[in-house]
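Peer 1: Pasting a structure here, questions to come.
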Amino acid sequence: MPNALTPEIAARFAMVALGHVAREYPNKPGHVLAGPEDARTPAALHPVFHGSYDWHSCVHGYWLLARVLRLFPDGTQADAIRKQFDAQLVPDKVAGECAYFAAPTARGYERPYGWAWLLKLADALSGLPESRWAEALAPLTGMIVQRVCAFLPIAPYPVRVGTHFNTAFALRLAADYAEGAGDAALFDLLLRTAERWYGADTDCPAWGEPGGDDFLSSALIEAECLRRLLPADRFRPWFDRFLPDLAAGRPATLFRPATVTDRSDGKIAHLDGLNLSRAWCFRSLAAALEPNDPRRPPLSSAAEAHLAAGLPHVTGDYMGEHWLATFAVLALEA
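Heads up: the sequence shown begins at 0 in numbering that gives the first Met the number 0, then just goes up one per residue.
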């Protein structure tokens, strides 16, 4: 089982993503109709991100492609990625996306998951030598930053589910954008929000994990969020309190890979994503600990077990195939 993102794996994942970011149907739009004029096709609603079954999956499919291009600019799929970006990441099509978000019915559209992935994509594009794609996306990026900054101060409570509404995952991805863009005010807002929502958490039992359609671990993504945002000398005492028994393999439910019974069922297929996102979190958290920390071996072993459970199933059925490679990249790069 590979434990790193090789050029060969990256090329395979990029080929998968290229096959679905432009695939308009099947499509789950999540769209509010204010009148009959809003009954339009996915491509008419979203000139850029109309593929991959739903908007957020299309966005993080583009992130995967940008990440592969950054890591392997001469890879076998590099030219195809550039061609796709040149066709889609252009000002007039991004203007169509901005128009959708400007509608009154779209105030909460894709909040917070799609917002976070859009910022993660913007961060990836900013690292490419071809600046035209990040520049084209900039108006939409700016809109999403404004929405994050308006929403977080009025959100009194976190959302701890293992699906798209999880707020720790959104803060975690947004932190990458804020740091990469040098937006200290945004990063500070993310940090203050994480401390307000999660700073007092202790002795996490993880008793509700996994849920039947989880693709995130509520416990582990919260820890990964705080790892990313807090300075190391503040994160480690918090982590000690939050999950105090990791060295003994507890909570045990976190260490057992999820069982997936039907990969043609979109909700059950989420559990393959749970295995991959847990592997990402386990790896990141283990790397944040001192080399002799007794928690590192069980965390590293759990990461490899979850990676082995999830990685063979990135392709095979479109219900998982339209998004799972993204989480495989997160896990393999951690």
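Quick reminder that beta carbons are idealized off the backbone N, C-alpha and C, glycines included.
In this structure, how does DSSP classify TRP206 when only helix, strand and coil are distinguished?
Peer 2: coil
Peer 1: Which residue wins for smallest C-alpha separation from PRO256, given the options GLU223, ALA231, GLU208, LYS266?
Peer 2: GLU208
Peer 1: For GLN76, report the span of its alpha helix (DSSP H) as first-last.
Peer 2: Where GLN76 is concerned, there is no enclosing alpha helix (DSSP H), because DSSP gives it neither an H nor an E.
Peer 1: Where does the unbroken alpha helix (DSSP H) through ALA322 begin, and where does it stop?
Peer 2: Going by the sequence as given, residue 322 is Trp instead of Ala. It is not in any alpha helix (DSSP H) - TRP322 carries neither H nor E in the DSSP assignment.
Peer 1: Check PRO111 in the structure and name its three-state DSSP category.
Peer 2: coil
Peer 1: Please classify ILE220 as buried or exposed, where buried requires at least 16 neighbouring CB atoms within 10 angstroms.
Peer 2: buried
Peer 1: Suppose contacts are defined by Cβ-Cβ distances below 8 Å. Is MET142 in contact with CYS97 by that definition?
Peer 2: In this structure, CYS97 lies closer than 8 Å to MET142 by Cβ.
Peer 1: From PRO155 to GLU7, what does the alpha carbon distance come to, in whole angstroms?
Peer 2: 45 Å
Peer 1: Please report the straight-line C-alpha distance between THR162 and THR140, rounded to a whole angstrom.
Peer 2: 23 Å
Peer 1: Among VAL144, PHE214, CYS224, ALA218, which residue has its Cα nearest to the Cα of LEU185?
Peer 2: VAL144
Peer 1: Quick one: what does DSSP say ALA121 is sitting in, helix, strand or coil?
Peer 2: helix
Peer 1: From THR104 to ASP37, what distance separates their C-alpha atoms?
Peer 2: 11 Å
Peer 1: Leaving out five residues on either side along the sequence, give the residues of the same chain with a beta carbon under 7 Å from the beta carbon of ALA246.
Peer 2: PRO293, ARG294, PRO297
Peer 1: For ASP175, which residues of its own chain have a beta-carbon under 7 Å away from its beta-carbon, when the five flanking residues on both sides are left out?
Peer 2: LYS119, ASP122
Peer 1: Work out the CA separation of LEU229 and ALA307 for me, nearest whole Å.
Peer 2: 30 Å
Peer 1: Less than 8 Å between the CB atoms is what I'm expecting for ALA102 and LEU17, so what's the real figure, rounded?
Peer 2: That belief does not hold up - the Cβ atoms of ALA102 and LEU17 are roughly 30 Å apart, past 8 Å.
Peer 1: Going along the chain, which residues of its own chain have a beta-carbon closer than 8 Å to the beta-carbon of LEU63, five neighbours each way excluded?
Peer 2: PHE12, ALA13, ALA16, ALA324, THR325, VAL328, listed in sequence order.
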